[in-house]
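The structure appears right after this line, and notes come after that.
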Amino acid sequence: MTASKRILVLSLCLISISGLWAQGKDFLLSLAIPGLSQVKNGRNFGYALMAAEAALIGGQLYFNSEAKLSRDESYTYALKFAHVNPGNYDSAFYKNLGKYDSSGFDALGYNAYIRERALSLYPGDPISQQQYIDEYAYGDDKYWNWDSGEHKSTYNGMRNDALDYESYAKLALGVTILNHLISGIDALRAGSQDSKAQFSVDILENVPVLKLSVKF
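At position 12 of the sequence shown the residue is numbered 11 (numbering that gives the first Met the number 0), and the sequence of numbers has no breaks.
See below:
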């Protein structure tokens, strides 16, 4: 499972419904657009669900926008104070950029770390050591050299802000999914006074799974 999927995933695994089509329609409508079937049926609770949906979507847009802004600011900052070559880099490069003073073989440089790793992994084997260095060391196209440790610290603060905003956006997405489920379940329960709902939670491949069985 990738890191982007580490947030809570709620899955509706089992729905057993026997009853009128109108009740099933309300469920699907409310599941797709939280609060819509409740409002249609004169239940004020639907407005709360709609307001929550709007706030959550707005929150996702805001957090994603702020994350991008922080990433762009950190990139521009690195161009000026770490003398990075303009270009597109992967997340590993940006992480190493914030960890090491430079990309070179000098003290506290990234390539110096790679050389130490090569010596540790292949003691007494200079050929394998050089192969490891050639494979993992950065070339001139990925050069950087921070003007000072303070500049590097400021860059890391910007990157951490971006990561925080990304986490908030993922959390908002998870709560949005939960809002849809709550709306759908509420529509089912309100569809019939005789309805009986049973809930259970299982763990499937390290993912919490919500199971719902409804009978009318």
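Glycine included, each C-beta is placed from N, C-alpha and C at the ideal position.
Just so we're clear, the structure is a prediction, and the values are computed from it rather than from any experiment.
1) Can you name the start and end residues of the alpha helix (DSSP H) that G41 belongs to?
2) Take K141 as the anchor and find which of G86, F62, Q59 and D105 has the nearest alpha-carbon.
3) Under a three-way DSSP split, which group does S127 fall into?
4) Check D193 in the structure and name its three-state DSSP category.
5) CA-CA distance, N95 and I176?
6) Measure the alpha-carbon distance for V174 versus Y46 and round it to whole angstroms.
7) Alpha carbons only, please: which of D160, L172 and N155 is nearest the one belonging to A66?
8) Taking a contact to mean a Cβ-Cβ separation below 7 Å, would you say Y135 touches I113 in this structure?
9) Tell me which same chain residues have a C-beta within less than 7 Å of the C-beta of D146, skipping the five on either side of it?
10) Can you list, in chain order, the residues of its chain whose CB lies under 6 Å from that of N155, leaving out five sequence neighbours each side?
11) Whether or not the segment 56-76 and the segment 114-123 are in contact is what I'm after, with contact meaning three or more pairs of Cβ atoms, one per stretch, closer than 8 Å; do they touch?
12) Taking the continuous alpha helix (DSSP H) assigned at K98, which residues delimit it?
13) Give me the Cα-Cα distance between N110 and I181, rounded to the nearest whole angstrom.
14) Let's test the definition: count the other Cβ atoms within 10 Å of the Cβ of N178 and tell me whether it reaches 16, buried, or not, exposed.
15) Assuming S102 and M157 form a contact by the criterion Cβ under 8 Å, report the distance between their Cβ atoms to the nearest whole angstrom.
16) Looking at the structure shown, is S147 part of a helix, part of a strand, or coil, going by DSSP?
17) Check the C-beta distance from Q37 over to D185 and give it rounded, since I have them as a contact under 8 Å.
18) In three-state DSSP terms, what is G108?
Reading from the atomic positions:
1) Taking the sequence shown and counting its residues from 1, the one referred to as residue 41 is at position 42. Segment: none, G41 is in no alpha helix (DSSP H) and carries neither H nor E.
2) Your numbering for residue 141 matches position 142 in the sequence shown. Answer by Cα proximity: G86.
3) Start at 1 with the first residue of the sequence shown, and residue 127 comes out as number 128. Correct three-state label for S127: helix.
4) As a position in the sequence shown, residue 193 is number 194, starting the count at 1. Any reading at D193 must be qualified, since the residue scores a pLDDT of 46, below 50, and its modelled position is unreliable; no value is offered.
5) Mapped onto the sequence shown, residue 95 falls at position 96. Mapped onto the sequence shown, residue 176 falls at position 177. Roughly 35 Å separates the two Cα atoms.
6) Residue mapping note: residue 174 aligns to position 175 of the sequence shown, counting from 1. Residue mapping note: residue 46 aligns to position 47 of the sequence shown, counting from 1. Distance between the alpha carbons of V174 and Y46 is about 17 Å.
7) Along the sequence shown, read from residue 1 onward, the residue named residue 66 stands at position 67. It is D160 whose Cα lies nearest to the Cα of A66.
8) Reading the sequence shown from its first residue, position 136 is the one you call residue 135. Reading the sequence shown from its first residue, position 114 is the one you call residue 113. In contact: Y135 and I113 (Cβ atoms closer than 7 Å).
9) Translated into positions along the sequence shown, residue 146 becomes position 147. Contacts found: F80.
10) Against the sequence shown, residue 155 aligns to sequence position 156. Contacts found: G97.
11) no
12) Indexing the sequence shown from 1 puts residue 98 at position 99. Start and end: S90 to K98.
13) For the purposes of this step, residue 110 is identified with residue 111 of the sequence shown, where counting begins at 1. For the purposes of this step, residue 181 is identified with residue 182 of the sequence shown, where counting begins at 1. Their Cα atoms are separated by approximately 52 Å.
14) In the sequence shown, residue 178 corresponds to position 179, counting from 1. Buried, since its Cβ has 16 or more Cβ neighbours within 10 Å.
15) Looking up residue 102 in the sequence shown gives position 103. Looking up residue 157 in the sequence shown gives position 158. That pair is no contact at about 19 Å.
16) Here residue 147 refers to the residue found at position 148 when the sequence shown is read from its first residue. Three-state DSSP puts S147 in coil, outside helix and strand.
17) Numbered from its first residue, the sequence shown carries residue 37 at position 38. Numbered from its first residue, the sequence shown carries residue 185 at position 186. Between D185 and Q37 the Cβ distance is about 7 Å, and since that is below 8 Å, they are a contact.
18) Within the sequence shown, residue 108 is the residue found at index 109, counting from 1. Correct three-state label for G108: strand.
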